[in-house]
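Chemist:
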Amino acid sequence: MATTPANGTSTEATIEDYYVEDRIFEPADGFRSSALTADRSLYDEAAADRLAFWARQAREHVTWFTDFHTVLEWDLPFAKWFLGGTLNVSYNCLDRHVEAGRGDKVAYWWEGEPGDTRTITYADLLDEVCKFANVLKGLGVERGDRVCIYMPMIPELPVAMLACARIGAAHSVVFGGFSADSLSDRIDDASAKLLITADGGYRRGEPFGLKDTADASVEATTTIENVVVVQRTGQDVSWNDSVDYWYHELMDGPTASADCPPEHMDSEDLLYLLYTSGTTAKPKGIMHTTGGYLTQVVFTHKYVFDLKPDTDVYWCAADIGWVTGHSYIVYGPLANGATSVIYEGTPDTPGRDRLWDIVERYGVTQLYTAPTAIRTFMKWGAQEPAKHDLSSLRVLGTVGEPINPEAWMWYHTHIGGGSCPIVDTWWQTETGGHMISPLPGVTTTKPGSATHPIPGVFAELVDDDGRPVERGGGYLTITRPWPSMLRGIWGDPERYRETYWSRFEGRYFAGDGAKIDDDGYLWLLGRVDDVMNISGHRISTTEVESALVDHAAVAEAAVVGAADDTTGQAIIGYVILRGSHDATDELGEEVRQHVATKLGPIARPKTVVLVPDLPKTRSGKIMRRLLRDVAEGRSLGDTTTLADQSVVDEIRTRAAESPQED
Ligand code: PRX
């Protein structure tokens with residue numbers, strides 16, 4: 015098994031560092047003594063009878079209108095959890111807390127980037143969700159429909175999601191940084207009936223627009239009947255009277271009654287779609303359903319973060335447009351009755367201590383962020399967090415990519431004051447909730463290791479032939495169905511089977527390589543397929559290649575993810591121009607920007623290298639490994655299969671001369 019991901023960071027140099035890591039951190043006695051769980055009982059219970067374990071979690075943490083009669087129906091690879099059960103996710107997130115007399119408890123402390131704030135209690139949120147749910151009905155949205163949401167990080171975003179859940183419509187949230195093309199592809203694929211967007215949002219101190227992009231998408235699609243627009247920035251927007259509605263006007267209008275009984279949904283009804291990049295150019299609509307998803311996110315949010323809803327202030331500093339925000343800003347925290355912070359903007363606005371200022375002002379107890387962010391904070395220096403009192407913090411979380419031990423140690427020392435447990439949570443859009451993570455009161459951690467599967471989840475490494483690997487490197491597989499697993503790919507059940515269940519028989523293969531050390535600790539090593547991980551965001555090489563060749567001047571393109579100190583990986587595009595075009599820096603820049611226009615700024619290559627040819631095998635296959643070696647400045651590995659050896663030298667020269675984004 016190759017431990018270097020096929021298109022990812024070369025991990026050879028660091029595997030051994032990980033492997034010999036001998037720093038260990040036990041939960042402090044003080045933490046352990048008040049932790050929700052501090053012994054192995056949850057693990058033991060799940061190991062003894064995993065279905066009974068999950069059934070207990072489902073009954074304890076979720077309120078059902080009708081109890082389920084069967085825990086799991088497993089027709090590999092199709093799972094159904096908690097059959098016969100009916101429930102409503104918005105009821106679980108809102109009504110039950112208000113009914114229990116906790117309506118005045120703060121659900122969200124929301125902080126806008128310009129410094130404006132909103133305090134939203136559970137009663138406020140219930141009221142707004144019910145009103146908006148009725149507005150949606152008034153606009154013709156029915157149970158079973160799909161609603162697309164394209165919004166900045168404002169409170170109306172969770173309101174929109176919960177309103178959909180309340181009436182049984184599935185939402186499809188599209189991250190606000192995606193382009194018009196990406197948005198219209200997702201609208202089309204889901205046949206979404208309604209789009210909820212905003213005039214714009216704030217980023218790095220400036221308002222940005224969303225409505226124009228939304229308009230362009232709606233123009234290019236056929237299924238959207240109405241568009242609801244939240245006013246956030248007050249900027250001028252173009253308006254189409256026959257489809258556009260202001261959110262605030264609808265919420266003051268006749269359809270916005272605050273009385274909206276929740277739909278009784280089947281446990282397996284679709285809750286949402288979330289599109290994610292795979293190894294092909296077409297993003298996949300990952301399907302999450304109701305009962306199993308809610309059970310696992312509530313369970314993990316509680317135990318992985320040691321959540322004490324009465325006293326904690328929890329903050330997941332992700333964007334709701336990604337699965338992390340779905341599960342750990344919206345559904346998990348609300349169902350647990352937590353008080354959370356939501357921050358709209360960037361961590362360097364107005365200063366590089368913005369996050370630490372928020373932690374201090376709100377008394378944040380759990381902080382959940384990505385290794386990329388931590389590495390950026392490291393670059394900015396320890397003096398930034400040192401300006402603030404961070405002593406309220408109890409648990410620190412990371413997600414999205416492997417965390418290097420140095421970043422782990424920095425997080426531990428400078429943010430956690432040397433005393434907070436760190437939970438490195440491995441999971442995916444497809445898994446819905448945490449899969450591999452320490453439990454903070456139980457697990458002895460090692461910097462850089464996600465440690466072990468959570469109770470009720472079963473993982474194994476296998477070799478190329480699918481044989482279990484006890485020690486050393488392998489492919490990470492999940493051996494048993496889990497409640498929040500994806501139920502499929504929207505509109506393509508065969509692709510679901512093929513993508514996740516065909517590589518190793520009877521096993522879910524997640525696309526990641528990992529190592530298991532002598533103590534049985536798991537060390538995630540990154541993707542082993544053609545998926546890049548840029549700042550914790552998945553981007554497929556094929557998708558970027560398609561966007562590159564879409565430019566009129568481009569004849570052929572190859573994309574690799576090269577190791578990057580801050581973003582984990584950076585996108586490097588190698589492009590062969592069509593005959594009549596000269597290889598100028600300006601054209602390289604234009605091609606680079608073209609990708610941003612086609613896919614969104616997050617997919618813009620850091621560098622586009624204009625090359626006369628690409629390294630290919632004699633059978634014509636592009637040797638990406640060599641391109642990655644060039645991008646990472648390494649001496650080349652085996653080049654004997656290369657058809658024309660001189661190509662690589664030329665590429666290397668061109669790469670050294672090509673401009674790079676900062
Ligand atoms: O490669 C793994 C990496 O992120 C991928 C999943 O990406 P996505 O679906 O966008 O979800 C990200 C947030 C859950 C995985 O296949 N990944 C995620 N968490 C970790 C990680 N790699 C190493 N360690 C992690 N903690």
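Position one of the sequence shown corresponds to residue 15 (the numbering used here), numbered consecutively onward.
Every residue gets a Cβ at the ideal spot worked out from N, C-alpha and C, and that includes glycine.
With respect to the beta strand (DSSP E) encompassing V13, which residues constitute its N-terminal and C-terminal limits?
Modeler: There is simply no residue 13 to check, as the chain begins at 15 and stops at 676 in what is shown.
Chemist: Considering just the uninterrupted stretch of the alpha helix (DSSP H) at V661, what are its terminal residues?
Modeler: Here residue 661 is taken as the residue at index 647 of the sequence shown, counted from 1. Unbroken alpha helix (DSSP H) run through V661: S660 to E671.
Chemist: Taking the alpha-carbon of V311 as reference, which of A295, Y136 and P347 has the nearest alpha-carbon?
Modeler: Taking the sequence shown and counting its residues from 1, the one referred to as residue 311 is at position 297. The option with the nearest alpha carbon to V311 is P347.
Chemist: Taking buried to mean at least 16 other C-beta atoms within 10 Å of its own C-beta, is D109 buried or exposed?
Modeler: Locating residue 109 in the sequence shown gives position 95, where the first residue counts as 1. By the neighbour-count rule (16 or more Cβ atoms within 10 Å), D109 is buried.
Chemist: Quick check: is any heavy atom of ligand 1 less than 7 angstroms from the C-beta of N547?
Modeler: Position 533 of the sequence shown, counted from the start, is the residue given in the question as residue 547. Checking every heavy atom of ligand 1 against the Cβ of N547, one is found closer than 7 angstroms.
Chemist: Looking at C-alpha atoms only, which residue of T667, T655, E557 and S463 is the closest neighbour of D613?
Modeler: Sequence index remark: in the sequence shown, residue 613 carries index 599 (1-based). The displayed chain sequence assigns Leu, not Asp, to residue 613. When each option's Cα is compared against that of L613, the closest is E557.
Chemist: When you compare only the Cα positions, how much space is there between T70 and H278?
Modeler: Locating residue 70 in the sequence shown gives position 56, where the first residue counts as 1. Locating residue 278 in the sequence shown gives position 264, where the first residue counts as 1. Here residue 70 turns out to be Arg, not Thr, going by the sequence shown. Annotation: R70 to H278 spans about 21 angstroms, alpha carbon to alpha carbon.
Chemist: Helix, strand or coil for F96? Go by DSSP, reduced to three states.
Modeler: Locating residue 96 in the sequence shown gives position 82, where the first residue counts as 1. DSSP places F96 in strand when its eight states are reduced to three.
Chemist: Grouping DSSP H, G and I as helix and E and B as strand, with all else coil, what is E125?
Modeler: Position 111 of the sequence shown, counted from the start, is the residue given in the question as residue 125. The answer is strand: DSSP assigns E125 an E or B state.
Chemist: Taking the straight line between their C-alpha atoms, what separation do you get for D258 and A212?
Modeler: Stepping through the sequence shown from its first residue, residue 258 is reached at position 244. Stepping through the sequence shown from its first residue, residue 212 is reached at position 198. Cα to Cα, the separation comes out at about 11 angstroms.
Chemist: In chain order, what residues of the same chain have a beta carbon less than 7 angstroms from the beta carbon of A352, not counting five sequence neighbours either side?
Modeler: By one-based count along the sequence shown, residue 352 stands at place 338. The answer, listed in chain order, is L321, P323, D326 and Y328.
Chemist: What does the shell around ligand 3 hold, if a residue joins when its beta-carbon is under 7 angstroms from any heavy atom?
Modeler: As far as ligands go, the structure on display features ligand 1 and does not contain ligand 3.
Chemist: Determine the DSSP secondary structure at R54, reduced to helix, strand or coil.
Modeler: As a first step, residue 54 must be located in the sequence shown, where it is residue number 40. Coil.
Chemist: So, R552 versus V545, is the Cβ gap smaller than 8 angstroms?
Modeler: Mapped onto the sequence shown, residue 552 falls at position 538. Mapped onto the sequence shown, residue 545 falls at position 531. Their beta carbons are under 8 angstroms apart, which means R552 touches V545 by this criterion.
Chemist: Q583: buried (16+ other C-beta within 10 angstroms of its C-beta) or exposed?
Modeler: Locating residue 583 in the sequence shown gives position 569, counting from the first residue. With 16 or more Cβ atoms within 10 Å of its Cβ, Q583 is classed as buried.
Chemist: Rank K94, L65, D273 and L490 by C-alpha distance to the C-alpha of F518 and give the top, closest one.
Modeler: Taking the first residue of the sequence shown as position 1, residue 518 is located at position 504. For F518, the nearest C-alpha among the options comes from L490.
Chemist: Buried or exposed: where does D53 fall if 16 or more other Cβ atoms within 10 Å of its Cβ makes it buried?
Modeler: As a first step, residue 53 must be located in the sequence shown, where it is residue number 39. By the neighbour-count criterion, in which 16 or more other beta carbons inside 10 Å mark a residue as buried, D53 falls on the exposed side.
Chemist: From T338, G395 and T379, pick the residue whose C-alpha is nearest to that of H448; which is it?
Modeler: Sequence index remark: in the sequence shown, residue 448 carries index 434 (1-based). Looking only at T338, G395 and T379, the smallest Cα-Cα distance to H448 is reached by T338.
Chemist: What residue does the alpha helix (DSSP H) around I585 start on, and which one ends it?
Modeler: Position 571 of the sequence shown, counting from 1, holds the residue named residue 585. No alpha helix (DSSP H) contains I585, which is instead part of the beta strand (DSSP E) from G582 to L591.
Chemist: With a threshold of 6 angstroms on Cβ separation, who are the neighbours of A72 within its own chain once the five nearest residues in sequence on each side are excluded?
Modeler: Residue mapping note: residue 72 aligns to position 58 of the sequence shown, counting from 1. Hits under 6 angstroms: F96 and T309.
Chemist: Rounding to the nearest angstrom, what Cα-Cα distance links M167 and A657 in this structure?
Modeler: To locate residue 167, count along the sequence shown from 1; it is residue 153. To locate residue 657, count along the sequence shown from 1; it is residue 643. If I take the Cα positions, the gap works out to 50 angstroms.
Chemist: Give me the residue from F472, H340, A295 and L90 with the minimum Cα distance to V188.
Modeler: Position 174 of the sequence shown holds residue 188. Checked all of F472, H340, A295 and L90; the closest Cα to V188 is H340.
Chemist: Rounded to whole angstroms, how far is the Cβ of P673 from the Cβ of D599, which I believe are closer than 8 angstroms?
Modeler: Position 659 of the sequence shown holds residue 673. Position 585 of the sequence shown holds residue 599. Approximately 6 angstroms separates the beta-carbon atoms of P673 and D599; this is inside 8 angstroms, confirming the contact.
Chemist: Would you list the residues sitting across from C330 in a DSSP beta bridge?
Modeler: The count along the sequence shown starts at 1 and reaches residue 330 at position 316. According to DSSP, which records beta bridges pairwise, C330 is partnered with Y382.
Chemist: In the DSSP assignment, the alpha helix (DSSP H) including C162 goes from what residue to what residue?
Modeler: Locating residue 162 in the sequence shown gives position 148, counting from the first residue. Counting along the chain, C162 falls outside any alpha helix (DSSP H), though it belongs to the beta strand (DSSP E) covering R160 to Y164.
Chemist: Give the straight-line distance between the Cα atoms of T25 and N418, rounded to the nearest whole angstrom.
Modeler: Here residue 25 refers to the residue found at position 11 of the sequence shown. Here residue 418 refers to the residue found at position 404 of the sequence shown. Low confidence applies to T25: its pLDDT is 36, below 50, so where it sits in the model is not reliable, and the reading given next is rough at best. Using only the alpha carbons, I get a separation of about 11 angstroms.
Chemist: Taking Cβ positions, are C162 and I201 nearer each other than 8 angstroms?
Modeler: Taking the first residue of the sequence shown as 1, we reach residue 162 at position 148. Taking the first residue of the sequence shown as 1, we reach residue 201 at position 187. A contact, by the Cβ cut-off of 8 angstroms.
Chemist: By the DSSP assignment, the alpha helix (DSSP H) with K322 in it spans what residues?
Modeler: On the sequence shown, residue 322 is found 308 positions in, with the first residue counted as 1. Looking at the DSSP string, K322 is not in any alpha helix (DSSP H), and its letter there is neither H nor E.
Chemist: For the beta strand (DSSP E) containing K298, list its first residue and its last residue.
Modeler: Taking the sequence shown and counting its residues from 1, one reaches residue 298 at position 284. K298 -> beta strand (DSSP E) spans K298 to T303.
Chemist: Going straight from the alpha carbon of P169 to that of I548, what length do you get?
Modeler: Against the sequence shown, residue 169 aligns to sequence position 155. Against the sequence shown, residue 548 aligns to sequence position 534. About 27 angstroms.
Chemist: Is it true that the region 278-289 meets the region 417-433, where meeting means three or more beta-carbon pairs spaced less than 8 angstroms apart?
Modeler: no
Chemist: In whole angstroms, give me the CA-to-CA distance for S660 and D643.
Modeler: For the purposes of this step, residue 660 is taken as the residue at position 646 of the sequence shown. For the purposes of this step, residue 643 is taken as the residue at position 629 of the sequence shown. Roughly 15 angstroms separates the two Cα atoms.
Chemist: Quick check on N21: buried or exposed, where buried means 16 or more other Cβ atoms within 10 Å of its Cβ?
Modeler: The residue you call residue 21 lines up with position 7 of the sequence shown. With a pLDDT of 34 at N21, under the threshold of 50, the predicted position of this residue should be treated as unreliable, though the coordinate-derived value follows. Counting Cβ neighbours within 10 Å, N21 comes out buried, since at least 16 surround it.
Chemist: Return the chain-ordered list of same chain residues with a C-beta closer than 8 angstroms to the C-beta of D564, the five sequence neighbours on each side being excluded.
Modeler: Here residue 564 corresponds to residue number 550 of the sequence shown, with the count starting at 1. Counting only Cβ-Cβ distances below 8 angstroms, and skipping sequence neighbours, we find H608 and K612.
Chemist: Identify whether H75 lies in helix, strand or coil by the three-state DSSP scheme.
Modeler: The residue given as residue 75 occupies position 61 in the sequence shown. Helix at H75.
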